[in-house]
Amino acid sequence: MIDRTRLVSAIAIAVAMTFAGAASADETGGKIVVTKEFAKLLDGTAPIPVVVTVALASADAVTAQLDDAATRGAAKAAIAATLDAAVAGLVPGKAVLKLTTSPRFATKLTTAEIKALATDPRVVAINYDVPVFKDLTQSIPQIQANTLQSAGGTGSGRTVAIIDDGAQRSHPFLGNRHIAAAEACFIAGTTGCPNGTGEQIGAGAAEAKPGQSHGTHVAGIAIGRNTLAGNPRLGVARAARYIPINVFGPFSGTAFSNLDRAFEHVEDLVLTNNNTHRIASVNMSIGGGGSSGQCDDNFPNTKAILTRLRNRDVPVMISAGNGGGNDFMGAPGCISTAISVSSVSKTSVPSTFTDINETTDLFAPGGEFGDCIVSSVQTNSYAAFCGTSMASPHVAGAFAALKQLFPAAKAPQILAALQQTGQLIQDTIHKKPLIKLERARLFLLNPVPPSNDAFARALTLPINASLSTNNAFATRQTGERRHVVSTDDKTLWYKFRATGGLVTIDTLGSDFDTVLAVYDETTLETLSTPVASNNNVSATQLASRVSFNTVANRLYYVAVGSLRASTYGHVVISTVGTVPPPPNDNFAAARTLTIPAAGILSLTGSNRGSSAESGEPYSTATVWFRFRAAAAGTWQIDTNGSNYDTKLGVYRGTAVNALTAIAQDDDGGDGVNSLVRFNAVANTLYYVQVGGFNGSTGNFTLRIANPSNSSASVDLVATRR
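Under mature numbering (1 follows the signal peptide of the UniProt record, and there is no 0), read the sequence shown as residues -25 to -1, 1 to 696, first letter to last.
Below is the structure:
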């Protein structure tokens, strides 16, 4: 089945795990949220970066006050008082970063300290503070930015906030267009800010450290303007201003909590005098880890801030990541209310390094190795960088330019214009739009509903797959019934013919409050009680989900809409149908493979619908293969290129409950894929088990290299960048 909510990286697999020296569940009450990477660190003795959430009196009321400028100060004061008392009592003398819009603080603790803290009744949760990293001449016409500028869309009077490693504010391409009073630096627990501490707000706070040009390059793409001869000539929003926010200082990586603090600062600026700086967008070319779908539940506090910014009409663009994954995306870009951006080359082909998954919003130019994006770097210079880091500021600048031309347009409407008019780019799994700004401008002059706005034009919905679109300009047809609640509106229509069995449909990854209903009538006028319907998955997850038993060969219509007409945005609809087990699900039915005498055997498959047998070692959701080693020597087997978190085992034996393990691995390959090497005995039968960490499923690539191809075997080891 499609595994869309489970993260396939160390950063956010919220599963119950044990570790040496950890407190028992009874002692900690499950407060330590253990991920794969966190578990490894908890087995050690070094201090670990963590984020501690403490109890807050009247939490719901305080949270509600944060979105109102009149009450925000009181809410932040209540949170600050709670944190001051908690920090003084729980971690006296420790260096901490206190968040301002949630009762959380970041610090470093040993495993013993974490264990002790988890027993304190004031502590609600302890999470790993995830590390994250910094993920034009041809690209400007590629997205029609030059045509938009000729039509007056320059971003004049608008501002882009750029969360990165600061900027050389005096660079001629940036033209001293920064807003000095608003710039900031957040690098908790260090002396990395210009004032020698871990936090600074005001003039000079975001000046980039020597050798740190990433933010300067990103800013140039978004708002650059060169008044001198030479290239590059212009960024996307050539007349916009920008606010640099430094979360790296002199370091190559930073903690996720610093990103949250930067988002809080932007929110403060937006709520000051009704967005006095006229911030039109936020860019964050930063990320870590990966998700096969949306990751809202893993970063609820970040999601809350991004949602409040979106509701204030300030969208956040985040780079998808540079792992080359065709079915996952980095955090925080995997949060549904972010606008996530993947990269294409200057020839509009998906970049080989780009991450992308079903919730990705847009493509923009990020270059390709050997043909990268030129923009500003330190010491008044220019250089070519490649990455999704270069793609997202194209979109941030686009929002500033379009918002200048269409000040009444809401952020989801501008996103809809970019999505409905973009050039569709197909990768191996997903099809997403490459932004075309002149097309978007013309569309916003005369918006039209999406093609499946009408029941009669319902799109075919594939089973065990996902589709994405936008309902900002959708309507409610004359005579159309309310589907779930009395206010639902802006309906999009889908249809599928069932083959029988249980089907689950959801809108996880959509960035607004959806409703979902399924019917077995075939005309709009005859629709009656839905076969299945839902508003929210849970109190905190505003996407929708239904599961129902289908009748074979029956045609079903699916309505996806908004809770009310004033809420709308990016729609992701996904389906999961009954999947039969693969033929090699069991050990006894292992698929026989023949390895070429000189070369590598490579095959693809899926472990969807698979299970684990009684007595089966090491993994779950497994399929089996077998081969006879033609020669002695070192053999290599890997799952690099798989789109989920694999586990891999090699065994000898004749019964599944009495096998001898030869080699086993979880994450030794590319990212969360697996790799083993072992010394084989000639003419011996080996069994290969391909499974999923914590039961995860997806499409795998299995490669087996024999000793005669040892040089190629080494080449199979890839490193993610």
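For every residue, glycine included, the Cβ atom is placed at its ideal position computed from N, Cα and C.
| query | result |
| --- | --- |
| Taking contact to mean 3 or more Cβ pairs, one atom from each stretch, closer than 8 Å, check whether the region 129 to 137 and the region 367 to 378 are in contact. | yes |
| Rounded to whole angstroms, what is the Cα-Cα separation between A680 and T85? | 42 Å |
| Once DSSP output is grouped into helix, strand and coil, what is the label at residue 700? | Because the chain spans -25 through 696 in this model, residue 700 falls outside it and cannot be assessed. |
| Any beta carbon of chain D sitting closer than 8 Å to that of M292? | Judged by its chain identifiers, the structure shown contains no chain D, having just a single protein chain. |
| Roughly how many whole angstroms lie between the Cα atoms of T354 and Q143? | 8 Å |
| Could you spell out where the beta strand (DSSP E) holding I548 opens and where it closes? | H545 to G552 |
| How about V493 and I438: are their beta carbons less than 8 Å apart? | no |
| My output table needs one value for T579: the three-state DSSP class, helix, strand or coil. | strand |
| Could you tell me if K406 is buried or exposed, where buried requires 16 or more neighbouring beta carbons within 10 angstroms of its beta carbon? | exposed |
| Indicate the three-state DSSP secondary structure (helix, strand or coil) for Y41 in the structure shown. | A small correction: the amino acid at residue 41 is Leu; Tyr does not occupy that position in the sequence shown. Of the three classes helix, strand and coil, the one that applies to L41 here is coil, per DSSP. |
| Suppose you measure from the CA of E174 to the CA of G141; what does that come to, to the nearest Å? | 13 Å |
| What is the rounded straight-line gap between the Cα of T676 and the Cα of T444? | 29 Å |
| Nearest by alpha-carbon distance to M259: which of L244, G305, S581 and G298 is it? | G305 |
| Which residue marks the beginning of the alpha helix (DSSP H) containing H522, and which one marks its end? | Sequence inspection shows Ser at residue 522; the His mentioned does not correspond to that position. Segment R520 to T525 is the beta strand (DSSP E) holding S522; no alpha helix (DSSP H) there. |
| Could you have a look at G574 and say whether DSSP puts it in helix, strand or coil? | coil |
| In the DSSP output, what is T621 paired with across the bridge? | G667 |
| Please list, in chain order, all residues of the same chain as V631 whose beta carbon is under 7 Å from its beta carbon, the five residues on each side excluded. | F562, E588, G590 and E591 |
| Based on Cα-Cα distance, which residue from L244, T229, A215 and S77 lies nearest to E158? | L244 |
| For P422, which residues in the same chain have their Cβ closer than 6 Å to its Cβ, ignoring the five residues on either side in sequence? | F448 |
| What do you get for D346, buried or exposed, if any count of 16 or more other CB atoms within 10 angstroms of its CB means buried? | exposed |
| Do I101 and V8 have their C-beta atoms within less than 8 Å of each other? | yes |
| Assign A214 to one of three DSSP states: helix, strand, or coil. | coil |
| Expressed to the nearest angstrom, what Euclidean distance is found between the alpha-carbon atoms of S145 and R152? | 9 Å |
| Pull up the distance between the alpha-carbon of V289 and that of A255, whole angstroms please. | 6 Å |
| Is V526 buried or exposed, if buried means 16 or more other CB atoms sit within 10 Å of its CB? | exposed |
| In angstroms, rounded to a whole number, what distance separates the CA positions of N509 and F108? | 38 Å |
| What are the boundary residues of the alpha helix (DSSP H) that V245 is part of? | F231 to L246 |
| Can you tell me where the beta strand (DSSP E) holding A136 begins and where it ends? | T134 to D139 |
| Using three-state DSSP, classify S(-2) as helix, strand or coil. | Because the pLDDT at S(-2) is just 35, under 50, the model does not fix this residue reliably, and the value given afterwards should be weighed accordingly. DSSP places S(-2) in coil when its eight states are reduced to three. |
| Taking all protein chains shown into account, decide if Q401 is buried (16 or more other Cβ within 10 angstroms of its Cβ) or exposed. | exposed |
| First and last residue of the beta strand (DSSP E) that includes P408? | K406 to L409 |
| DSSP has D464 in a bridge; who is on the other side? | S537 |
| Only counting runs of 3 or more residues, tell me where the beta strand (DSSP E) segments fall wholly within the region 80 to 151, in order along the chain. | 98 to 103, 106 to 109 and 134 to 139 |
| Considering Cα atoms alone, identify which of G264, V211 and D486 is closest to L412. | V211 |
| So is F148 buried or exposed if we call it buried at 16+ other beta carbons inside 10 Å? | buried |
| In the region 426 to 508, which residue ranges form an unbroken beta strand (DSSP E) of at least 3 residues, counting only runs that do not cross its ends? | 441 to 445, 464 to 472, 476 to 481 and 489 to 494 |
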